[in-house]
Amino acid sequence: MTLIAAALVGLIALLHVYILVLEMFLWTTPRAMKAFGTTPELAAQTRVMAGNQGLYNGFLAAGLIWGLITGSAAIQLFFLTCVAVAGLYGAVTANRRILFIQTVPAALAILAVLAAR
Numbered sequence: 003m004t005l006i007a008a009a010l011v012g013l014i015a016l017l018h019v020y021i022l023v024l025e026m027f028l029w030t031t032p033r034a035m036k037a038f039g040t041t042p043e044l045a046a047q048t049r050v051m052a053g054n055q056g057l058y059n060g061f062l063a064a065g066l067i068w069g070l071i072t073g074s075a076a077i078q079l080f081f082l083t084c085v086a087v088a089g090l091y092g093a094v095t096a097n098r099r100i101l102f103i104q105t106v107p108a109a110l111a112i113l114a115v116l117a118a119r
């Protein structure tokens, strides 16, 4: 179970690195606009805000990676909970799809980390 938990945490960290790249560096590209449902006009207007969001996603990824490197279940659980809460908020305020992209995987990883303890 430890390997499964580590793999899930690692995948979620990679997802947040990918989100960081989309929000910080590719926000005005067709790929990012499709992923986030924006138009070229909206992407241009919200570029700075998206970069800030990307930085926060990077912090989530860094925390998950830190938890993996140290082997600390407590650190992993803290950052997975942050991901799940952010996903819930995003699902309620922005797009329901976020629930399945962020919250459900984070919840599964939380269960795996707890089961591996």
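3 is the number of the first residue of the sequence shown in my numbering; add one for each residue after it. Every residue, glycine too, gets a C-beta built ideally from N, C-alpha and C.
State yes or no: is the C-beta of residue i within less than 8 Å of the C-beta of residue j?
{"i": "A8", "j": "T30", "result": "no"}
{"i": "I100", "j": "A93", "result": "yes"}
{"i": "L79", "j": "G12", "result": "no"}
{"i": "L82", "j": "I112", "result": "yes"}
{"i": "A37", "j": "L24", "result": "yes"}
{"i": "I21", "j": "N59", "result": "yes"}
{"i": "T105", "j": "G89", "result": "yes"}
With DSSP run on the structure shown, which of helix, strand or coil describes residue i?
{"i": "A9", "result": "helix"}
{"i": "L90", "result": "helix"}
{"i": "N59", "result": "helix"}
{"i": "G73", "result": "coil"}
{"i": "W29", "result": "coil"}
{"i": "G65", "result": "helix"}
{"i": "N54", "result": "helix"}
Could you tell me the distance, in whole angstroms, from the CA atom of residue i to the CA atom of residue j?
{"i": "L52", "j": "I6", "result": "The sequence given here has Ala at residue 52, not Leu. Approximately 32 Å between the Cα atoms of the pair."}
{"i": "M35", "j": "P42", "result": "7 Å"}
{"i": "A117", "j": "S74", "result": "14 Å"}
Could you spell out where the alpha helix (DSSP H) holding residue i opens and where it closes?
{"i": "A118", "result": "106 to 118"}
{"i": "A45", "result": "42 to 47"}
Of all Cβ atoms in chain D, is any one closer than 8 Å to the Cβ of residue i?
{"i": "Y58", "result": "Absence of chain D from the displayed structure is noted, only one protein chain being present."}
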